[in-house]
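In this note's numbering, the protein residues as written are 5 to 157.
Below is one structure, written out as structure tokens; comments come after it.
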Amino acid sequence: MLKLDETDIKLLSLLQADCKRTTAAYANQLNLSTTAVYERIKRLEKSGVVSRYVALVDKKKINRAFTVLCHVKLSQHIKEYVLKFEREVLKLDEVVECYHISGDYDYILKIHVGDMEAYREFMVTKLTAINNIGSTQSSFVINEVKHTTAIGM
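Have a look at this one:
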């Protein structure tokens, strides 16, 4: 595991806030040379601390603002069913997050669709079409109180 110093942590915070700034802009904020910041970024990338850069899309502007948290229980917990479910979920564009969890349910999915009608269509034609689902329970997001992609350090 890479040992992060205080400057690395500040740099990671800056990168998570806006990774499209210039190395010179980060250097200016960190009181370092551009070369020093460039080398730090390359080290963070090479070590896997920074795994990739992405564009964050406004869900409302692309008609995907209806967010659902769906708990899924498999009919049985055998390896074949688990692996098949996970392979099938990876193919569903509406599912943005999927976690294998402990407790009463086996998985929790975060799903973005346009509206309730679109969610019903998704459930009927895609999710429940996956074999070996025992039951589901859906919760609909009323208000997004906090959403961040930044990992605090």
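Each residue gets a CB set at the ideal place from its N, CA and C atoms; glycine is no exception.
Because the structure is a prediction, the values reported are computed rather than measured.
Reduced DSSP secondary structure (H/G/I, E/B, other) of residue i
i, result
"isoleucine 66", "helix"
"lysine 103", "Strictly speaking, residue 103 in this sequence is tyrosine, with lysine absent from that position. Note: tyrosine 103 maps to strand in three-state DSSP."
"glutamine 20", "helix"
"valine 41", "helix"
"aspartate 9", "coil"
"alanine 59", "coil"
"asparagine 35", "coil"
"glutamate 84", "helix"
Proximity test, residue i beta-carbon vs the ligand SAM heavy atom, cut-off 7 Å
i, result
"threonine 11", "With respect to small molecules bound, the structure shown includes none, and the ligand SAM cannot be examined in it."
Spatial distance of residue i from residue j (CA atoms)
i, j, result
"leucine 78", "isoleucine 105", "12 Å"
"glutamate 101", "lysine 83", "21 Å"
"alanine 40", "alanine 31", "8 Å"
"threonine 152", "valine 145", "16 Å"
"lysine 88", "leucine 94", "10 Å"
"lysine 150", "phenylalanine 70", "15 Å"
"aspartate 22", "leucine 6", "22 Å"
"glycine 118", "serine 142", "16 Å"
CA nearest to the CA of residue i, picked from the options
i, options, result
"arginine 91", "Leu131, Ile45, Arg68", "Leu131"
"isoleucine 137", "His81, Tyr30, Arg25, Arg47", "His81"
"glutamate 98", "Lys114, Ser143, Leu87", "Lys114"
"leucine 34", "Asp22, Asn135, Asp12", "Asp12"
According to DSSP, residues forming a beta bridge with residue i
i, result
"valine 72", "Ile115, Phe144"
"serine 139", "Lys77"
Exercise. May I ask you to verify whether the segment 49 to 67 touches the segment 124 to 136, counting CB pairs closer than 8 Å and requiring at least 3?
Key: Under the three-pair Cβ rule at 8 Å, the segment 49 to 67 does not count as touching the segment 124 to 136.
Self-check item: Three-pair Cβ contact test at 8 Å for the segment 15 to 31 versus the segment 147 to 157
Solution: yes
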